[in-house]
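Student: Pasting a structure below so you can have a look.
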Amino acid sequence: MTAVLDFAALPPEINSARMYTGAGSGPMLAAASAWKGLATELRATALSYGGVLLALTGEEWFGPASTAMAAAAAPYVAWMSATAAATEETAAQAEAAAAAYEAAFVATVPPPLIAANRAQLTALIATNILGQNTPAIAATEAQYAEMWAQDAATMYGYAASSAAATQLSPFVEPMPTTSPSGPAAQAAAVSQAGASAAGQQSALSQLMSAVPGALEALAGTNGTTGAGGLEGFLNTWGPNANIWNTITSTGALTPGATVGTLSSLLGTSATSDVAGAAGAAQNAAAPGAIAALGQVDTAAGGLRGLVAAGTGNSGIVGKLSVPPAWTAAAPLNGPLHSALGGTPMVAPPPAGPAGMPGVPLGSAASQPFGRAVPQYGFKPTFVTRPPAAG
Numbered sequence: 001m002t003a004v005l006d007f008a009a010l011p012p013e014i015n016s017a018r019m020y021t022g023a024g025s026g027p028m029l030a031a032a033s034a035w036k037g038l039a040t041e042l043r044a045t046a047l048s049y050g051g052v053l054l055a056l057t058g059e060e061w062f063g064p065a066s067t068a069m070a071a072a073a074a075p076y077v078a079w080m081s082a083t084a085a086a087t088e089e090t091a092a093q094a095e096a097a098a099a100a101y102e103a104a105f106v107a108t109v110p111p112p113l114i115a116a117n118r119a120q121l122t123a124l125i126a127t128n129i130l131g132q133n134t135p136a137i138a139a140t141e142a143q144y145a146e147m148w149a150q151d152a153a154t155m156y157g158y159a160a161s162s163a164a165a166t167q168l169s170p171f172v173e174p175m176p177t178t179s180p181s182g183p184a185a186q187a188a189a190v191s192q193a194g195a196s197a198a199g200q201q202s203a204l205s206q207l208m209s210a211v212p213g214a215l216e217a218l219a220g221t222n223g224t225t226g227a228g229g230l231e232g233f234l235n236t237w238g239p240n241a242n243i244w245n246t247i248t249s250t251g252a253l254t255p256g257a258t259v260g261t262l263s264s265l266l267g268t269s270a271t272s273d274v275a276g277a278a279g280a281a282q283n284a285a286a287p288g289a290i291a292a293l294g295q296v297d298t299a300a301g302g303l304r305g306l307v308a309a310g311t312g313n314s315g316i317v318g319k320l321s322v323p324p325a326w327t328a329a330a331p332l333n334g335p336l337h338s339a340l341g342g343t344p345m346v347a348p349p350p351a352g353p354a355g356m357p358g359v360p361l362g363s364a365a366s367q368p369f370g371r372a373v374p375q376y377g378f379k380p381t382f383v384t385r386p387p388a389a390g
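Letter 298 of the sequence shown, counting from 1, is numbered 298 in UniProt numbering, and no numbers are missing.
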């Protein structure tokens with residue numbers, strides 16, 4: 001416990017010397033200015049924080065994370081505002097303490113006056129041989145007593161003012177904006193992540209070690225089940241599959257198989273044209289296609305024999321065997337015979353018109369003559385002399 005200083009028990013020389021030999025009010029005024037600056041900064045920071053929080057939570061950032069952030073930052077903003085108020089109060093109290101010192105300094109008896117009084121008293125006592133200086137000595141002592149009382153009163157007043165200036169609002173620490181268990185939770189999460197990574201690495205190692213065995217197993221079964229499936233697919237759809245023989249056994253895909261039949265049906269000139277067209281088609285085809293057509297031609301030999309046997313029962317036009325429907329050919333009832341009447345040609349033996357067997361021809365009279373004339377300019381049409389005409 002601090003003992004209360006009794007300033008009345010101290011002579012004025014001590015009290016006045018203390019007041020005049022101290023640092024003065026300069027340091028206290030500097031402290032007050034520093035506290036004012038700190039209060040200004042804290043106030044501005046609190047306002048800035050509040051504005052940012054209001055803009056984030058009210059205009060740009062919504063959701064649980066925004067709410068959690070605002071809940072964590074709002075107490076810190078309130079702490080800054082409260083601390084700014086406390087620093088402002090501290091600055092004001094420092095200014096009050098400086099003012100109290102200034103007032104006490106002015107009220108304190110200057111040390112030179114006290115020293116002069118003591119010197120005068122000493123001189124009066126030294127020359128007081130017959131008691132003639134007794135009144136002067138009493139007045140000097142009374143003056144000194146007043147100095148004593150004045151310094152004591154000043155010091156008591158200064159002590160009271162200083163005590164009032166030291167009454168400050170306590171500063172409080174800011175509330176934590178993070179969870180105290182955050183570091184422990186983070187360490188646990190890191191440990192769990194490391195364990196998961198180790199487990200995944202182990203699983204990956206096991207998988208990599210199992211890959212060679214799986215590949216060896218697949219290689220071992222490749223010659224049995226895999227080969228069987230591939231063999232079945234090739235037997236069904238491969239180059240030597242029966243389905244291609246079935247598709248290519250028709251006359252549309254094997255012109256060589258039908259040349260003999262057409263030769264017996266269409267006559268010498270038409271047969272030569274068809275044979276030439278078939279030969280050109282075979283020469284233009286790829287070697288592989290020709291070989292395939294040859295195989296199909298060999299396979300269709302029996303079919304050609306059947307067709308040739310069937311034609312033995314057809315009608316006869318001259319020396320040419322034709323279907324019965326060809327014997328009733330439609331007469332030409334148009335201007336074509338007059339336009340071609342002057343051709344100096346020997347009439348060929350009568351023969352049936354060319355066409356597909358069994359398909360009757362339409363009447364030539366129903367066809368307009370203009371279709372036989374070229375559309376651009378006049379170009380006479382000639383009939384090729386058949387070899388049978390001589």
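Just so it is clear, CB atoms sit at the ideal spot from N, CA and C, and this is done for glycine as well.
1. If you draw a straight line from the alpha carbon of Val-109 to that of Ala-23, how long is it in whole angstroms?
2. Suppose the cutoff is 6 Å on Cβ atoms and the five residues either side in sequence are ignored; what does the same chain contact list for Val-101 look like?
3. Quick one: what's got a C-beta closer than 7 Å to Ala-86's C-beta in the same chain, skipping five residues either side?
4. Measuring CB to CB, does Met-80 end up less than 9 Å from Thr-57?
5. Start and end of the alpha helix (DSSP H) containing Gly-51?
6. Given a cut-off of 9 Å, decide if Ala-104 and Thr-154 are closer than it, judged by their beta-carbon atoms.
7. With burial defined as no fewer than 16 other Cβ atoms inside 10 Å of the residue's Cβ, what is the status of Asn-117: buried or exposed?
8. In chain order, what residues of the same chain lie with their CB nearer than 7 Å to the CB of residue 396, ignoring the 5 residues before and after it?
9. Nearest-angstrom Cα distance between Pro-180 and Ala-70?
10. Quick one: using the 10 Å Cβ neighbour count with 16 as the cut-off for buried, is Ala-91 buried or exposed?
11. How close, in whole Å, do the beta carbons of Ile-114 and Ser-48 come, if the pair is a contact with beta carbons under 8 Å?
12. Distance check for Leu-38 and Ile-137, CA to CA, integer angstroms please.
13. Does Ala-100 come out as helix, strand or coil in the three-state DSSP assignment?
14. What's the C-alpha gap between Ala-98 and Asp-151?
15. Report back the beta-carbon spacing between Leu-130 and Thr-140 to the nearest angstrom; my notes put them in contact at under 8 Å.
16. Taking Ala-9 as the reference, which of Tyr-156, Ala-188, Ala-34, Gly-63 has the closest Cα?
17. In whole angstroms, give me the CA-to-CA distance for Met-1 and Ala-163.
18. Return the CA-CA distance between Pro-212 and Gln-206, expressed in angstroms with no decimal places.
19. Considering Asp-151, what are the terminal residues of the alpha helix (DSSP H) in which it resides?
20. Pick helix, strand or coil for Trp-79, following the three-state DSSP scheme.
21. Can you give me the start and stop residues for the alpha helix (DSSP H) that Pro-12 sits inside?
22. For Leu-121, I'd like the list of residues in its chain whose CB is within less than 8 Å of its CB, leaving aside the five on either flank, ordered along the chain.
23. Looking only at its chain, what residues have a beta carbon closer than 7 Å to the beta carbon of Gly-63, apart from the 5 residues adjacent to it on each side?
24. Can you give the beta carbon distance from Leu-53 to Ala-74, rounded, assuming they're within the 8 Å contact cut?
Tutor: Taking the coordinates as given:
1. Numbered from its first residue, the sequence shown carries residue 109 at position 109. Numbered from its first residue, the sequence shown carries residue 23 at position 23. Rounded to the nearest angstrom, the two C-alpha atoms are 17 Å apart.
2. Within the sequence shown, residue 101 is the residue found at index 101, counting from 1. Note on identity: in this sequence residue 101 is Tyr, with Val being the wrong assignment. Hits under 6 Å: Ser-25.
3. Translated into the one-based positions of the sequence shown, residue 86 becomes position 86. For Ala-86, the CB contacts under 7 Å within the same chain, skipping 5 residues up- and downstream, are Ser-169, Phe-171 in chain order.
4. Counted from its first residue, the sequence shown places residue 80 at position 80. Counted from its first residue, the sequence shown places residue 57 at position 57. With respect to Thr-57, Met-80 sits apart: the two C-beta atoms are not nearer than 9 Å.
5. As a first step, residue 51 must be located in the sequence shown, where it is residue number 51. Looking at the DSSP string, the run of the alpha helix (DSSP H) that includes Gly-51 is 26-55.
6. Along the sequence shown, one-based indexing puts residue 154 at 154. Along the sequence shown, one-based indexing puts residue 104 at 104. Closer than 9 Å, so yes.
7. Mapped onto the sequence shown, residue 117 falls at position 117. Buried is the call here.
8. In this structure the chain extends from 1 to 390, so residue 396 is not present and cannot be described.
9. Counting from 1 along the sequence shown, the entry for residue 180 is found at position 180. Counting from 1 along the sequence shown, the entry for residue 70 is found at position 70. Roughly 18 Å separates the two Cα atoms.
10. Residue mapping note: residue 91 aligns to position 91 of the sequence shown, counting from 1. Ala-91 sits buried, since 16 or more C-beta atoms from the chains shown fall within 10 Å of its C-beta.
11. Counted from its first residue, the sequence shown places residue 114 at position 114. Counted from its first residue, the sequence shown places residue 48 at position 48. 56 Å between Cβ atoms; not a contact.
12. As a first step, residue 137 is located in the sequence shown; it is residue number 137 there, counting from the start. As a first step, residue 38 is located in the sequence shown; it is residue number 38 there, counting from the start. Our two residues, Ile-137 and Leu-38, have alpha carbons roughly 57 Å apart in a direct line.
13. Residue numbering aside, residue 100 sits at position 100 when the sequence shown is read from its first letter. It is helical.
14. Working through the sequence shown from its first residue, we reach residue 98 at position 98. Working through the sequence shown from its first residue, we reach residue 151 at position 151. Distance between the alpha carbons of Ala-98 and Asp-151: 18 Å.
15. Start at 1 with the first residue of the sequence shown, and residue 130 comes out as number 130. Start at 1 with the first residue of the sequence shown, and residue 140 comes out as number 140. Contact flag wrong, Cβ pair sits at about 18 Å.
16. The sequence position of residue 9 within the sequence shown is 9, counting from 1. Checked all of Tyr-156, Ala-188, Ala-34, Gly-63; the closest Cα to Ala-9 is Tyr-156.
17. What you label residue 1 is simply residue 1 of the sequence shown in a count that begins at 1. What you label residue 163 is simply residue 163 of the sequence shown in a count that begins at 1. Residue placement at Met-1 cannot be trusted, given a pLDDT of 41 that sits under 50; the coordinates are not used to answer.
18. For this step, residue 212 is matched to residue 212 along the sequence shown. For this step, residue 206 is matched to residue 206 along the sequence shown. Cα to Cα, Pro-212 sits roughly 11 Å from Gln-206.
19. For this step, residue 151 is matched to residue 151 along the sequence shown. Looking at the DSSP string, the run of the alpha helix (DSSP H) that includes Asp-151 is 134-165.
20. In the sequence shown, counting from the first residue as 1, residue 79 sits at position 79. Note: Trp-79 maps to helix in three-state DSSP.
21. As a first step, residue 12 is located in the sequence shown; it is residue number 12 there, counting from the start. 12-21 is the extent of the alpha helix (DSSP H) around Pro-12.
22. Looking up residue 121 in the sequence shown gives position 121. Cβ neighbours of Leu-121 beyond the five flanking positions: Ile-137, Thr-140, Glu-141, Tyr-144.
23. Translated into the one-based positions of the sequence shown, residue 63 becomes position 63. Around Gly-63: no qualifying Cβ.
24. By 1-based counting over the sequence shown, the position of residue 53 is 53. By 1-based counting over the sequence shown, the position of residue 74 is 74. Confirmed, about 7 Å.
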